[in-house]
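In my numbering, the protein residues as written are -7 to 195.
To start, the structure itself, in structure tokens.
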């Protein structure tokens, strides 16, 4: 019986490329969260990833493209870990509050910290801004479609309004967390928004 490449313990070129790309993206997120955008140099990222700068250039044309891809990479990982089945969510009005909790988890924590670093930098960095825009739009569409699947019979217009109001609220709360705001106050604000949203959008 022939011995396959996998059985010999060897990685294919495609596997090595995927591993190198993932290592660069994970290192980029770590640097953004720990050091901020300005100090997240290609040299530091490559050092953490165990990859040469030359090898990194085979995957990403520059720092802006790497940064945008890293946010998309993290969002995809979080989505795989956290998106529940529709059957796991409560029925009726309680589903609106559950959807808000889902969006809060998606738009807070590590993803919020990394994305916030990039959007602040993108204000004065045209190349980064152009790299981030399509990623941000694609993530928004993807999350909205996932929410539509989970939201049951909530009308599309109401769903989109609920989504954008919640995303902008959670981004503000995430910024408050970064600035050392009161966690109890954030929790109260989130609960108040769930109450208001349930009243407005639950049918």
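Positions of the beta carbon are idealized from the N, C-alpha and C atoms, including for glycine.
Through-space distance from residue j to residue i, alpha-carbon basis
i	j	result
residue 113	residue 129	18 Å
residue 25	residue 102	7 Å
residue 12	residue 115	30 Å
residue 29	residue 10	24 Å
residue -2	residue 7	Caution is warranted here: a pLDDT of 48 is assigned to residue -2, below 50, making its placement in the model unreliable, and no coordinate value can be reported.
residue 54	residue 119	10 Å
residue 174	residue 168	8 Å
residue 56	residue 194	41 Å
residue 82	residue 68	24 Å
residue 148	residue 133	13 Å
residue 45	residue 51	10 Å
residue 192	residue 162	18 Å
residue 37	residue 43	8 Å
residue 235	residue 100	Not covered by the structure: residue 235. The range shown for the chain is -7 to 195.
residue 135	residue 160	14 Å
residue 40	residue 16	8 Å
residue 18	residue 153	33 Å
residue 155	residue 179	19 Å
residue 14	residue 137	26 Å
residue 172	residue 93	21 Å
residue -7	residue 49	The predicted model places residue -7 with a pLDDT of 44, which falls under 50 and marks its position as unreliable; any figure quoted below should be read in that light. Whole-angstrom Cα-Cα distance: 40 Å.
residue 117	residue 170	22 Å
8 Å Cβ cutoff met for residue i and residue j
i	j	result
residue 124	residue 166	no
residue 190	residue 98	no
residue 64	residue 127	yes
residue 4	residue 95	no
residue 20	residue 47	no
residue 151	residue 140	yes
residue 143	residue 87	yes
Top-ranked residue by Cα proximity to residue i, from the options
i	options	result
residue 182	118, 69, 91	91
residue 27	105, 193, 156, 48	105
residue 66	82, 5, 47, 22	22
residue 59	146, 171, 152, 34	34
residue 31	154, 110, 176	110
Within-8 Å CB hit, residue i to chain B
i	result
residue 182	In the displayed structure, chain B is absent; only one protein chain is listed.
Could I get the ranges of all uninterrupted alpha helix (DSSP H) runs contained in the region 44 to 107, with 4 residues as the minimum, in chain order? Runs of the alpha helix (DSSP H) lying entirely within the region 44 to 107, each at least 4 residues long, are 45 to 49, 55 to 74, 86 to 98 in chain order.
Every unbroken beta strand (DSSP E) within the region 152 to 176, with a cutoff of 3 residues, ordered by chain: At a cut-off of 3 residues, not a single continuous stretch assigned as beta strand (DSSP E) sits fully inside the region 152 to 176.
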